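Read top to bottom, the protein sequences are chains X and S.
At the far end of the first sequence sits residue 788, using my numbering, and the numbering has no gaps.
At the far end of the second sequence sits residue 412, using my numbering, and the numbering has no gaps.
Ideal placement from N, C-alpha and C gives every residue a C-beta, glycine not left out.
All figures in this text were calculated on a predicted structure; none of them were measured in a lab.
See structure below.
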Amino acid sequence: MKMGSKKWIALLLVFTMLFSLAACGEKKEKPTGAEPTVGATTEPTKAADGTTDGTKDNNNQEEVVPGWQKNASDKVDLTWYINFSWFTTPWGENLVSKTITEETGCNIEFIVPAGNEAEKLNSLIASDSLPDLLTLGWWEGQVNQMIEDGMVYALDELATQYDPYWFEVADEGRIGWFTKDDGHIYGYPNSSFSPQDYEKYDNISSNQTFLVRKDMYEAIGSPDMTTPEGFIAAVKAAAAMFPEVNGQPIIPVGAHEFGATGNVSFDQYLSNFLAIPYEKDGQYYDRYTDAELVRWLKAFRELGAEGFLKEDIFVDKRAQMEEKIAQGRYFCMLYQRTDLADQQKVLYKNDPNSIYIAVDGPKNSKGDAYTLPGTGINGWCVTMISKKCERPDRAIQLCSYLMSERGQHMTWLGVEGVTWDYVDGKETMKPEVKELLTTDRTAYDKQYGADSCYWMFQDNAMSLKWAVETPEPLGQMERWTFPYVISVSQYDVSLAADSDESDIQSKVDNEWGVVLPQLLLAKTEADFDNIWNAFIQKRKDFGIDKVLETKTGMMNVAKEKLGLK
Amino acid sequence: MTEMSNLKKRKKSVTMRKFMNQKYLQLMVIPGLIWMFIFNYIPMGGIVIAFKKFKITKSIAEAPWVGFKYFEEFFQDSNFSNIMINTIGISLLKLIIGFPLPIIFALLLNEIRNLKFKKFTQTISYLPHFLSWVVLGGILTTWLNSTGVINELFQALHITSGPVSYLGNPKYFWGVALISDSWKELGWSAIIYLAAISSVDQQLYEAATVDGASKMQKIMKITLPSIKGTIAIMLILQISGLLNANFDQIMILKNQINISRSQVIDTYVYQVGMTLGKYSYATAVNLFKSVIALMLLLIANLSSKKLLGRSLY
């Protein structure tokens with residue numbers, strides 16, 4: 224009996240080991256099966272039968288055939304890293320992604336960090352296992368790191384070799400801006416606007432808004448909230464009139480999440496509302512030390528000392544905030560309007576009067592107009608092709624496809640004839656599709672997945688061609704920003720990772736993350752001043768002046784590149 | 100001479116035979132050993148980056164040596180004293196208050212005569228252990244809010260007069276960390292002591308009863324001395340983990356206002372190493388922590404050996 228059980232265990236053990244060995248074997252086999260055959264695909268072939276409408280893009284060009292048309296029948300799998308944990312839309316389940324796979328032959332597998340983005344990206348780099356395509360914010364230090372260490376392909380070289388069509392669809396201005404000193408371009412941006420675009424269009428919007436809950440704001444008589452005094456009075460009036468929202472205490476002042484490096488609502492956005500300049504006398508200006516900002520932070524401190532800055536805003540994470548926005552718990556907040564779009568729809572459904580509306584918020588003591596930065600030439604993200612990619616030919620062709628007008632139609636509007644049609648020569652979404660989009664974004668993404676659900680190459684400038692006025696409840700917030708949007712491309716500088724300057728900057732930023740809540744929660748104004756002065760001294764000790772000097776230099780280079788003086 | 104070698108040989112063959120008899124059991128150890136080698140020993144090589152200026156785009160071998168630069172940087176870091184105070188403070192609290200609690204709880208449980216009630220209490224008490232800190236953290240944040248259930252309870256009982264923001268004030272953080280951790284792990288940690296208690300010879304208790312010992316005397320004179328060894332081992336392990344202040348828990352409960360009392364070595368290493376990408380610096384900090392932990396372990400083990408004659412090895 225005893226012997227018997229031992230034998231069983233041994234048998235089990237052997238099986239376990241066998242399986243684990245088998246698993247190892249399987250892994251090894253995979254790459255050999257997908258051996259790249261790059262050379263074979265460069266030969267120019269006539270466009271396949273199914274793509275007659277695809278040639279519309281290049282009617283006036285004789286020879287350049289879009290690369291993606293040649294290989295639609297040859298299916299490949301590409302992995303695509305997205306450096307944002309909130310991006311959860313899968314590929315291949317909705318209309319748009321299915322159609323793109325069908326047209327280009329590329330099937331995408333997204334790799335998205337489960338938690339902290341930097342952690343995931345750094346470990347991908349350190350372990351030398353980068354996916355085929357990479358999309359990350361242009362400001363991330365890893366962008367230059369990967370370029371400098373040759374981990375990504377030069378896009379122009381790939382395009383010359385495999386897909387000359389890329390040059391047809393890439394924007395000259397953007398190429399010029401993103402081309403490095405070595406003459407190559409490694410990443411192509413999305414949401415990029417050149418300073419010239421700002422002169423061309425008057426419906427470029429900003430994300431940054433000062434929002435109030437409509438019914439409350441109107442109930443207290445739509446007061447002026449542009450001065451600290453008016454602001455404090457309005458907040459107090461709202462809190463007094465509406466102590467509770469649906470049985471839960473009101474949160475009079477809302478904000479974005481407090482992070483390790485501060486809170487965009489109280490530093491960046493507030494500075495923009497106060498029209499604090501980016502440069503002074505040709506020097507890069509340290510905006511967060513401006514007297515106007517201090518004036519307003521003191522106003523918030525006053526509110527905090529009287530209990531109007533609730534604990535919630537310091538403790539809550541994004542998920543809790545979204546829940547509270549959907550309940551309409553905040554009276555007012557400096558917030559990104561696109562970040563509460565979904566919650567706004569919920570509020571609108573419950574009671575169209577309980578939505579958030581953009582109104583005039585904090586102004587500086589001179590009453591200057593707001594300076595809200597729209598996305599500049601840097602745009603938002605850059606997409607790169609890693610050297611680990613076994614099919615760079617297909618990757619660059621996919622990029623060209625997504626950058627082309629056809630690709631833009633696809634990602635913004637969907638499939639022609641299914642989700643949109645030309646009406647009077649203008650691209651127009653079908654009413655039933657639009658209905659779903661405005662009421663249930665999740666269902667829309669699942670079914671269609673257009674409206675820039677795959678935003679990695681979204682060309683906002685091009686999309687203005689078929690842009691229609693954003694419907695309520697989101698339109699008012701967007702339109703409010705139009706007059707105040709400015710271009711700040713020349714100030715969008717990012718310090719090289721690993722440099723002393725970026726080290727100093729991160730020390731200062733982390734200190735600010737600790738100091739900002741202390742400032743807002745200081746009991747008296749004297750306490751505030753003490754904390755503030757200590758902080759200013761600490762920054763000096765860290766060596767902030769050196770950072771500003773470097774940034775001034777970078778700013779001058781950027782100005783030259785953009786042709787600004 | 101020959102006899103000696105014969106004896107040796109025989110001894111060897113005995114060991115060998117013993118081993119062969121256990122060969123299936125010994126075989127079962129192998130996967131564990133392989134696992135440990137791969138996941139615990141090979142990564143140790145990476146420690147060298149604490150002494151190198153490591154860039155993630157280059158291999159470790161290419162990185163230039165910088166000696167103790169990162170250690171010095173850490174000791175001069177303006178956060179250093181704060182982090183050390185928090186780490187040791189929270190851990191000491193957990194050691195002094197959190198460590199005896201499960202022992203007392205196990206002793207109390209052992210005295211319960213109603214078997215059903217005992218089982219019930221035990222189950223209830225170790226349930227929180229199975230909730231991950233991520234889940235529990237979300238629950239605790241709501242409970243500890245100034246309008247949360249804890250505040251309502253304390254105000255109703257007149258323990259506090261007004262709402263207190265437990266997570267929004269640095270001075271409460273250590274208490275929150277201690278109480279939530281003790282509550283979560285109380286029942287689970289008690290299991291090991293209960294097991295030790297159950298192996299105490301019942302005849303001892305019977306003899307004591309005959310001699311007219313009271314319940315308290317039985318606990319003090321029989322139960323506690325019998326599980327002394329278990330307690331010693333647990334204490335040694337706890338002391339060696341003095342600089343580990345439960346990463347999950349603190350990561351979840353810390354926020355920007357209580358950070359002055361909630362930033363501990365582990366969370367700092369995570370923030371600097373993982374999110375800012377300063378791997379060398381973070382490794383140096385962690386290596387420093389490990390060296391201290393090793394020293395604490397050796398000291399605790401040695402003193403336990405001397406005092407109680409019990410040790411880990």
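query: The beta strand (DSSP E) spanning K649 (chain X) covers which residue range?; result: K649 to M652
query: Do you know how far the Cα of F554 (chain X) is from the Cα of G145 (chain S)?; result: 51 Å
query: Under 8 Å Cβ to Cβ from F465 (chain X), same chain only, skipping five residues before and after it: list those, please.; result: M439, A442, I473 and F554
query: Could you pull the start and end residues of the alpha helix (DSSP H) that I338 (chain S) belongs to?; result: K327 to S339
query: Is I348 (chain X) near the ligand GDP, with its Cβ less than 7 Å from a heavy atom?; result: Among the components of this structure there are no ligands whatsoever, and the ligand GDP is therefore not found.
query: Among all the DSSP beta bridges, which residues are the ones paired with N330 (chain X)?; result: X:D300
query: Can you give the Cα-Cα distance for P609 (chain X) and M685 (chain X), rounded to whole angstroms?; result: In the sequence on display, residue 609 (chain X) carries Ser and not Pro. Roughly 27 Å between the two C-alpha positions.
query: Start and end of the alpha helix (DSSP H) containing W232 (chain S)?; result: W232 to W242
query: Throw me the rounded Cβ distance for the M556 (chain X) and G477 (chain X) pair, which I believe falls under 8 Å.; result: 3 Å
query: Along the segment 381 to 411 of chain X, what residues have a CB closer than 8 Å to any CB found in chain S?; result: none
query: Whole angstroms is fine: what's the gap from R360 (chain S)'s alpha carbon to I536 (chain X)'s?; result: 19 Å
query: Can you tell which of X:Q567, X:Y714, X:W603 and X:Y411 has its C-alpha closest to the C-alpha of W389 (chain X)?; result: X:Y411
query: Taking Cβ positions only, does L375 (chain S) come closer than 8 Å to chain X?; result: yes
query: Would you list the one or two residues that DSSP bridges to P466 (chain X)?; result: DSSP, once it has assigned bridges, lists no residue as partnering P466 (chain X).
query: Nearest CA to the CA of Q566 (chain X): which residue from X:E545, X:Q368, X:D379 and X:L659?; result: X:E545
query: Classify G328 (chain X) as buried or exposed, calling it buried when 16 or more other Cβ atoms lie within 10 Å of its own Cβ.; result: buried
query: Which residues, in chain order, does the segment 157 to 173 of chain S contribute to contact with chain X at a C-beta distance below 8 Å?; result: K157
query: What residues of chain A sit near L266 (chain S), judged by a beta carbon separation below 8 Å?; result: Among the protein chains of the structure shown, namely X and S, there is no chain A.
query: Assign Y645 (chain X) to one of three DSSP states: helix, strand, or coil.; result: strand
query: Closest Cβ-Cβ distance between I141 (chain S) and chain X: below 8 Å?; result: no
query: Please say whether S428 (chain X) and V708 (chain X) have beta carbons closer to each other than 8 Å?; result: yes
query: Is the Cβ of V770 (chain X) closer than 8 Å to any Cβ of chain S?; result: no
query: On a Cα-Cα basis, can you pick out the residue from X:F310, X:E316 and X:L318 that is closest to P336 (chain X)?; result: X:F310
query: Tell me whether R409 (chain S) sits in a helix, a strand or coil according to DSSP, three-state version.; result: coil
query: With a threshold of 8 Å between beta carbons, is P740 (chain X) in contact with chain S?; result: yes
query: For the segment 322 to 351 of chain X, list every residue whose C-beta sits within 8 Å of some C-beta in chain S, in sequence order.; result: N339, A341, E342, N345, I348 and A349
query: So is K327 (chain S) in contact with chain X if we call contact Cβ pairs under 8 Å?; result: no
query: Could you spell out where the beta strand (DSSP E) holding P475 (chain X) opens and where it closes?; result: I474 to G477
query: Between the segment 351 to 372 of chain X and chain S, which residues of the former have CB atoms less than 9 Å from a CB of the latter, in chain order?; result: D351, G364, Q365, Q368, M369, E371 and D372
query: Is L359 (chain X) buried or exposed, if buried means 16 or more other CB atoms sit within 10 Å of its CB?; result: buried
query: What does the Cβ neighbour count give for K547 (chain X), buried or exposed, with the cut at 16 atoms within 10 Å?; result: buried
query: Per DSSP, what kind of secondary structure is Y411 (chain X) in: helix, strand or coil?; result: strand
query: Hey, quick one: how far does the alpha helix (DSSP H) through V518 (chain X) stretch, first residue to last?; result: Contrary to the premise, residue 518 (chain X) reads as Arg rather than Val in this sequence. Its alpha helix (DSSP H) spans residues A514 to A528.
query: Return the residues of the segment 222 to 256 of chain S that lie within a Cβ-Cβ distance of less than 7 Å from chain X, sorted by chain order.; result: T240, N244, S245 and T246
query: Roughly how far, in whole angstroms, is the beta-carbon of G637 (chain X) from the beta-carbon of A673 (chain X), given that I think they are within contact range, below 8 Å?; result: 4 Å
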